[in-house]
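Residue numbers (the working numbering): 491 to 1009. Where is the CB? At the ideal position from N, CA and C, for every residue including glycine. Please read the structure below before turning to the comments.
The structure is reproduced here in structure tokens:
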């Protein structure tokens, strides 16, 4: 069922998980860039994605008939830019003569990275949007489709590492895997047809309830809905310019779509944005899991938007009921400390992960085949934690889980500095530490998404989630690449990971200050 959706996720995650994790190694070994130059190149993508994701999301939301073809063309453009980087690596002078030509090669590489980020860096969010629209009234099945993408990402990192090892550690092998993945994705994209939506599709539960309910009740009811674990209450009022609003006979314990359904009945909508789709799917999945108490990986992923899909919601859509959070809500100690923590945690993960393969191979002598194993190791733990995050949040609360995520990340950062080069046990411990990455990120991201829903009312959540993703995956990751490259270049890999541990401790303190200040 929905085979094309699963294939789209498999292909797009294979595309973004093949060459990119190994680019720091490629820049170092093939192009002879220094770590601070590598940090500069790695920082380009997150900054550009923060702008490109909402831009291309708006384009396909307004012109859904071009959704599939645009994904294919963007993949072609971005993929071509990455292949040019491979060509630059082939013609790079040897290390002795490189200093003279380095500035021109660095600028050309930066231009290619920028083009890739602007075009292909948004593909995950565009696939999210396409799949949600293809699913139509069955959007609750979104997580089951995205699960295939998560599996694909882990396996692709593994297969790419094995390919490099098979070709005698020739890093050009990463571009072969990238090219095959890109061709598969382009082929699927040009086959996709996305129908324009006149209004927000209803869930299966909502449709069943509506069929058994009166069409036009003669009075308005005040409806109270608890979103996730927030307990936020929303009262529905007549739309501006209308004398009355039809009562929506929804069983609110079974659906979270009432805001958008009401909007579609009272105000014309020209298109449906990915941010609004993500929000309603998350609420629907929360409702279903609360009712049934079931552990379901598909539902667990449905309630947790991807980073790229959240970034697409940074800009509110004028034709929908999304709006930016007010300054009064933002300038609150609890929220400011939380958003600062989100930014710092994005920095931390960038410092650790963006330079991880370079550190493991250059400083510790870990072979490419072992590097590939880090993909499945992280993916397995990340998916496992996503599955239990809702229950863990309800049992222990947001504060404890965020602190645990920081402790796990702190231990991971410090542990890297104690590994001994060229030992089998070092390779094994590197995999164990990568599992901690899956635990730490999953705990932090899942609780952060839930916490944003706690802080903001429904009409502000899409933009707030976009700010969350922009701070973590955009600004935080970008600045983390800068800082990581500087530390690696001037002080070495061990100091880089010690620095990441220090920032982790600082982030935890900032978070707790906000919590204690509002206790």
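| Item | Value |
| --- | --- |
| Residues of its chain near residue 518, where Cβ-Cβ distance is below 8 Å and the 5 sequence neighbours each way are ignored | 525, 528, 848, 852 |
| Residue 948, buried or exposed, once every other Cβ within 10 Å from all chains shown has been counted against 16 | buried |
| Residue 855 beta carbon less than 8 Å from that of residue 647 | no |
| Outcome for residue 970 when other beta-carbon atoms lying within 10 angstroms are tallied against a minimum of 16 | buried |
| Touching by the beta-carbon criterion (3+ pairs, under 8 Å), the region 865-875 and the region 925-932 | yes |
| Reference residue 463; option with closest CA among 1004, 598, 881 | Because the chain is modelled from 491 through 1009, residue 463 falls outside the range shown and cannot be assessed. |
| Cut-off 6 Å between Cβ atoms - residues of its own chain near residue 602, not counting five sequence neighbours on either side | 571, 574, 575 |
| C-alpha distance - residue 779 paired with residue 638, whole-angstrom precision | 21 Å |
| DSSP-derived helix/strand/coil call for residue 492 | coil |
| Own chain partners of residue 882 with C-beta closer than 7 Å, once the 5 adjacent residues on each side are dropped | 891 |
| Under the three-state DSSP convention, the category residue 522 falls into | coil |
| Proximity winner among 844, 668, 632, relative to residue 770 (alpha-carbon distances) | 632 |
| Residue 825, enclosing alpha helix (DSSP H) - first and last residue | 823-843 |
| Host alpha helix (DSSP H) of residue 942 (start-end) | 914-945 |
| Cβ-based burial, residue 544 [other Cβ within 10 Å; buried from 16] | buried |
| Contacts around residue 978, its chain only, beta-carbon distance under 7 Å, and the 5 residues preceding and following it disregarded | 525, 845, 986 |
| Local Cβ density within 10 Å of residue 493, reported as buried at 16 or more and exposed below that | exposed |
| Cβ-Cβ distance between residue 989 and residue 841 below 8 Å | yes |
| Residue 541 CB to nearest heavy atom of the ligand MG below 7 Å | Looking for the ligand MG in the displayed structure turns up nothing, as the structure carries no ligands at all. |
| Reference residue 675, options 912, 964, 566, closest by Cα | 566 |
| Of the residues 932, 896, 917, the one placed nearest residue 998, counting alpha carbons only | 896 |
| Where residue 689 falls: helix, strand or coil (DSSP) | Note that residue 689 has pLDDT 40, beneath the 50 cutoff, so the model's placement of it is unreliable and no number is given. |
| Whole-angstrom distance between residue 555 and residue 850, CA atom to CA atom | 46 Å |
| Neighbour-count burial assignment, residue 668, 16 or more Cβ in a 10 Å radius | buried |
| With 16 other Cβ atoms within 10 Å as the buried cut-off, status of residue 823 | exposed |
| Cβ contact (3+ pairs, closer than 8 Å) linking the region 507-518 and the region 658-666 | yes |
| Limits of the alpha helix (DSSP H) - the one that residue 672 falls within | 663-681 |
| Where the alpha helix (DSSP H) through residue 638 begins and ends | 632-656 |
| Coil, strand or helix - residue 553 by DSSP | coil |
| Residue of 938, 594, 887 minimising C-alpha distance to residue 794 | 938 |
| Element boundaries [alpha helix (DSSP H), containing residue 618] | 613-625 |
| Buried or exposed by the 16-neighbour rule on C-beta atoms within 10 Å, applied to residue 651 | buried |
| Pick from 534, 980, 512, 511 that is closest to residue 964, judged by C-alpha positions | 534 |
| Euclidean distance between Cα positions of residue 782 and residue 618 | 26 Å |
| Supposed close pair residue 789, residue 775 - CB separation, criterion 8 Å | 5 Å |
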